[in-house]
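Heads up, the thing below is written out as structure tokens.
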Amino acid sequence: GQQLNQSPQSMFIQEGEDVSMNCTSSSIFNTWLWYKQEPGEGPVLLIALYKAGELTSNGRLTAQFGITRKDSFLNISASIPSDVGIYFCAGVYGNNRLAFGKGNQVVVIP
Amino acid sequence: DSGVTQTPKHLITATGQRVTLRCSPRSGDLSVYWYQQSLDQGLQFLIQYYNGEERAKGNILERFSAQQFPDLHSELNLSSLELGDSALYFCASSPVGSVYNEQFFGPGTRLTVL
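Listed in order, the protein sequences are those of chains A and Y. For the record, in the first sequence the residue sitting at position 96 is 1450 according to the working numbering, with numbers rising by one throughout. For the record, in the second sequence the residue sitting at position 62 is 77 according to the working numbering, with numbers rising by one throughout.
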């Protein structure tokens, strides 16, 4: 099956700092999605990327769709305590199916 | 709130039993997807339905089955449960005509098999 690798697995950051996370795959995807999951909740869609090279922002979040279509990154600027959660990348393949990375756990230290 | 609802929120049962998880998609969404989330495997796609018909199958065990009803709600049936089936089960739906498959997830059902 499709495998997505997210790094690093967990990050402890100081409030106010920027944080970047990466997602790579050996497969090509036509769409990349970034989700955030908080405890006891389902994943929430943050950003969707549809075109290789595309850079998209949503508030303090910025994500890019890699030129090779095999990777994507997500950046959170000026982190705040409510940014805590698990961030998942997902690639769309086949018949509109999603393959997910294992997630990055972000902890923001006030 | 994504607009996708799932019941029950928690389910505790014993090995060998059968359970049914229920999902109602967002209003107007025809596609429903089921996922299993466990600590070691992460989020795994199980099965997709579109307007009542099975559209795609992922890593779904033969002991599991699903269906989508005319009112578009979906049920995931898990039978002969094993300890390893303990996980979070999510349902997601996507908008009609969504070329880019933006899936919106429900809050999940936490299944514990004892």
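Just so you know, even glycine gets a beta-carbon here, dropped at the ideal spot from N, CA and C. Just so we're clear, the structure is a prediction, and the values are computed from it rather than from any experiment.
In this structure, the straight-line span from the alpha carbon of V111 of chain Y to that of Q82 of chain Y is close to 19 Å.
Nearest neighbour of E117 of chain Y by Cα position, chosen from A:A1444, A:G1455 and A:G1457, turns out to be A:A1444.
P1464 of chain A and Q1368 of chain A have their C-alpha atoms spaced approximately 6 Å apart. Within the same chain, and ignoring the five residues on either side of L36 of chain Y in sequence, the residues whose Cβ sits closer than 6 Å to its Cβ are L91, Y104 and T124. Around S39 of chain Y, the same chain offers T20 and H88 as residues with beta carbons nearer than 6 Å, after the five sequence neighbours per side are excluded. For N1429 of chain A, same chain residues with a beta-carbon under 6 Å away, outside a window of 5 residues either side, are S1374 and T1416 in chain order. Taking CB atoms only, L98 of chain Y has no neighbour in chain A less than 8 Å away. Closer than 8 Å to the CB of S17 of chain Y there is at least one CB belonging to chain A. Sixteen is the threshold: since fewer than 16 other Cβ atoms of the shown chains lie within 10 Å of the Cβ of R78 of chain Y, the residue is exposed. Residues of the same chain with a CB within less than 8 Å of the CB of R70 of chain Y, apart from the 5 flanking positions on each side, are S46, Q63 and Y64 in chain order. Chain-ordered listing is empty here: chain A has no CB closer than 8 Å to the CB of A81 of chain Y, the nearest sitting near 15 Å.
Judged by beta-carbon spacing, C1377 of chain A lies beyond the 8 Å limit of L1400 of chain A, meaning their Cβ atoms are not closer than that value. Listed in chain order, the non-local C-beta contacts of L129 of chain Y below 6 Å within the same chain comprise A29, local neighbours out to five positions each way being set aside. At least one CB atom of chain A sits nearer than 8 Å to the CB of G73 of chain Y.
Excluding residues up to 5 positions away in sequence, N92 lie with their Cβ nearer than 7 Å to the Cβ of S80 of chain Y in the same chain.
Close partners of V1460 of chain A in chain Y (Cβ separation under 9 Å) are lacking, with about 16 Å as the shortest Cβ gap. Contact check for L1403 of chain A against F1427 of chain A fails: the beta carbons are separated by 8 Å or more.
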